[in-house]
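Report on one structure; see the data block that follows.
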Amino acid sequence: MFDVNKFNTVWLALTYNCNNSCVWCYASSNLQKNRAKTLKRDREKDVINLLYSLGIKQLLLIGGEPTLYPGLTEIVEKTTSKGINVGLVTNGRKLRNKNFVKDLRKSKVGYISVSVEGYNEKTHDVTTNIRGSFSDTMTGLENSLGEDIRTSTNTTISKKNINHLEKIVDFLTNYRLRSITFNICGACIGNPKNSNYTISPSEGVKAFEKVYLYFKSKKKDMKLKLISPVPLCNFNKEILEELKEDKAVKGSCHIMKGRNFVFDYNGDILPCTHFTGFPMFNVFSKGKIMSNREFVEEYNNPENIGYKFRKKLSYYPSKKCAEDDCEENCTGGCPVAWLKYNPKKEIKGADKK
Amino acid sequence: MEKNLLEIINSLSLSDERVRDDLLYSNTNINYDACDCGCEQDGEGYCMDH
Numbered sequence: 002m003f004d005v006n007k008f009n010t011v012w013l014a015l016t017y018n019c020n021n022s023c024v025w026c027y028a029s030s031n032l033q034k035n036r037a038k039t040l041k042r043d044r045e046k047d048v049i050n051l052l053y054s055l056g057i058k059q060l061l062l063i064g065g066e067p068t069l070y071p072g073l074t075e076i077v078e079k080t081t082s083k084g085i086n087v088g089l090v091t092n093g094r095k096l097r098n099k100n101f102v103k104d105l106r107k108s109k110v111g112y113i114s115v116s117v118e119g120y121n122e123k124t125h126d127v128t129t130n131i132r133g134s135f136s137d138t139m140t141g142l143e144n145s146l147g148e149d150i151r152t153s154t155n156t157t158i159s160k161k162n163i164n165h166l167e168k169i170v171d172f173l174t175n176y177r178l179r180s181i182t183f184n185i186c187g188a189c190i191g192n193p194k195n196s197n198y199t200i201s202p203s204e205g206v207k208a209f210e211k212v213y214l215y216f217k218s219k220k221k222d223m224k225l226k227l228i229s230p231v232p233l234c235n236f237n238k239e240i241l242e243e244l245k246e247d248k249a250v251k252g253s254c255h256i257m258k259g260r261n262f263v264f265d266y267n268g269d270i271l272p273c274t275h276f277t278g279f280p281m282f283n284v285f286s287k288g289k290i291m292s293n294r295e296f297v298e299e300y301n302n303p304e305n306i307g308y309k310f311r312k313k314l315s316y317y318p319s320k321k322c323a324e325d326d327c328e329e330n331c332t333g334g335c336p337v338a339w340l341k342y343n344p345k346k347e348i349k350g351a352d353k354k
Numbered sequence: 330m331e332k333n334l335l336e337i338i339n340s341l342s343l344s345d346e347r348v349r350d351d352l353l354y355s356n357t358n359i360n361y362d363a364c365d366c367g368c369e370q371d372g373e374g375y376c377m378d379h
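Chains as they are written, first to last, in this note's numbering: chain A, 2 to 354; chain B, 330 to 379.
Structural data, given as structure tokens:
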């Protein structure tokens with residue numbers, strides 16, 4: 002019933018090295034443990050061949066900081082030459098080197114998402130914990146745009162920046178971006194310290210609603226999106242209609258459908274980035290990688306912990322979500338939120354059920 | 330000992346109401362959700378072309 006044999010997007014965590022030290026990072030405990038944990042160069046070919054044979058449509062390179070991976074442009078080239086779209090999710094600091102960005106363009110990277118956490122040095126660097134990171138990031142962003150690479154930004158809404166999202170939008174709309182995206186700093190399994198910075202699903206909806214209305218008033222030729230799945234019934238109905246029209250929000254978690262997964266540096270297969278260090282299974286055995294047939298069998302093996310995990314996840318956070326008059330069908334947003342937050346308090350009307 | 334995936338999910342607050350099959354298995358039912366049409370998508374599965 003939960004069988005999947007067609008895959009769409011894969012996030013490949015190339016390395017846990019990072020040149021920033023973001024206060025809320027979901028992988029921070031892993032970063033400390035795994036400073037040198039990086040995909041082995043001699044495994045690149047096997048990994049890309051497996052993903053290609055699984056029929057994936059796009060590969061997102063993540064970390065840590067993927068630009069610190071020694072063979073970045075080569076792995077992008079190997080992947081794009083097979084017809085797979087490649088995106089790079091980066092803090093942008095290494096993109097300050099123009100030649101590096103030129104090489105990325107030549108490797109046919111599909112797009113670059115640059116993480117911007119504030120609207121100036123003070124407000125950005127307080128999150129990244131690295132003085133000077135804002136300047137590097139913005140130079141990197143300009144270089145990416147200068148090479149005509151599709152470029153967007155992503156900002157994590159956290160306690161650090163929730164009160165100046167409009168200023169961030171004001172600042173970012175000066176650039177020729179494809180889109181400005183926001184995600185919500187949610188509960189985190191790998192970094193309990195991030196609790197100080199998390200935003201609940203209802204707070205996130207409220208903050209995004211406000212910044213979306215502000216953005217719309219500026220009428221810029223770009224998109225603004227919230228990429229974290231949230232309980233959609235928390236939005237004002239009229240605003241939600243506009244958001245749907247703009248494809249600016251999403252409700253359900255991709256794990257539910259099982260067609261996207263994270264490929265970790267060591268061959269661990271994770272349900273999503275929130276689960277760094279909690280694999281469903283590993284694709285390597287005695288140094289040899291699984292075939293696509295073995296992968297699909299293991300992914301759909303009812304005895305596999307990942308299969309059991311997906312099966313258990315397929316429950317609504319609240320009985321209210323299951324009612325016939327629920328118009329949104331969003332399945333309640335990111336389930337990881339329910340590690341820390343109470344659905345009865347976070348989903349409109351759920352307290353009465 | 331570290332938790333495993335199942336222990337994590339057992340600590341989530343979820344109801345006993347199972348998500349409808351058509352939401353789990355259909356790619357078109359949530360039409361404002363991440364596009365699954367095969368076109369170019371961004372980092373979170375949003376369609377970049379539509």
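The beta carbon of each residue, even a glycine, is placed where N, CA and C say it ideally should be. These figures come from a predicted structure and were not determined experimentally.
- For Asn235/A, the number of other beta carbons within 10 angstroms of its own is at least 16, and it is reported as buried.
- When DSSP assignments are scanned along the region 175-210 of chain A, no uninterrupted stretch of alpha helix (DSSP H) that is 4 or more residues long falls wholly within it.
- Residues of the region 156-182 of chain A with a Cβ closer than 9 Å to any Cβ of chain B, in chain order: Arg179, Ser180, Thr182.
- C-alpha of Lys321/A to C-alpha of Gly334/A: approximately 14 Å in a straight line.
- Between Cys23/A and the set Phe296/A, Glu295/A, Thr129/A, the nearest pair of CA atoms involves Thr129/A.
- Residue state for Arg260/A is assigned as coil, using DSSP reduced to three classes.
- For Gly205/A, not one C-beta of chain B is nearer than 8 Å to its own C-beta.
- In the three-state scheme derived from DSSP, where H, G and I count as helix and E and B as strand, Thr332/A is classed as coil.
- Collapsing the DSSP output to three states places Ala323/A in a helix.
- Within the region 318-336 of chain A, Pro318, Ser319, Lys320, Cys322, Ala323, Asn330, Cys331, Thr332, Pro336 place their CB atoms closer than 8 Å to a CB of chain B, listed in sequence order.
- Gly88/A sits in a strand when the DSSP states are folded into three classes.
- Chain order gives no chain B residues near Asn302/A, where near means a beta carbon separation below 9 Å; the closest approach is about 14 Å.
- Interface flag for Trp25/A against chain B is unset, since no Cβ pair is found closer than 8 Å.
- Classified as buried, Lys161/A has 16 or more neighbouring CB atoms from the shown chains inside 10 Å of its CB.
- Using a CB distance below 8 Å, the part of the region 284-316 of chain A facing chain B consists of Ile306, Gly307, Lys309, Phe310, Lys313, Leu314, Ser315, Tyr316, ordered along the chain.
- A straight line joining the alpha-carbon of Arg349/B with that of His165/A spans about 39 Å.
- Looking at the DSSP output, Trp12/A shares a beta bridge with Leu61/A, Val263/A.
- Judged by DSSP in its simplified three-state form, Tyr342/A adopts coil rather than helix or strand.
- Close partners of Leu340/A in chain B (Cβ separation under 9 Å): Ile337, Ser340, Leu341, Ser342.
- Asn121/A sits in coil when the DSSP states are folded into three classes, being neither helix nor strand.
- Taking Val5/A as reference, the option from Arg42/A, Pro318/A, Arg294/A with the minimal CA-CA separation is Arg294/A.
- For Phe276/A, the chain B residues whose Cβ falls inside 9 Å of its Cβ are Leu334, Ile337, in order along the chain.
- By the neighbour-count definition (other C-beta atoms within 10 Å, threshold 16), Gly64/A is a buried residue.
- In this structure, the beta-carbon distance from Leu173/A to Val117/A falls below 8 Å.
- Here Thr10/A is not near Asn302/A, since their CB atoms are 8 Å or more apart.
- In terms of beta-carbon proximity, Lys258/A lines the interface with chain B, with at least one pair separated by less than 8 Å.
- Neighbours of Phe279/A across chain B, judged by C-beta separation under 7 Å: Asn333, Leu334, Ile337.
- The region 131-139 of chain A makes no contact with the region 79-87 of chain A, as fewer than three CB pairs between them are under 8 Å.
- For Ile57/A, no CB of chain B lies under 8 Å from its own CB, so it is not counted at the interface with that chain.
- The continuous alpha helix (DSSP H) containing Ser134/A extends over residues 134-147.
- The three-state reading of DSSP puts Val77/A in helix, counting H, G and I together.
- For the pair Leu340/A and Met257/A, the CB atoms are not nearer than the 8 Å cut-off.
- For Ile158/A, the closest of Phe296/A, Asp326/A, Arg311/A, Cys26/A by C-alpha to C-alpha distance is Cys26/A.
- Contact check for Leu61/A and Val284/A: beta-carbon distance about 18 Å, past the 8 Å limit, so the pair fails to qualify.
- The beta carbon of Arg97/A lies closer than 7 Å to those of Asp137, Thr140, Gly141, Asn144 in the same chain, with the five residues before and after it left out.
- Counting of Cβ neighbours within 10 angstroms places Ala249/A among the buried residues, the total reaching 16 or more.
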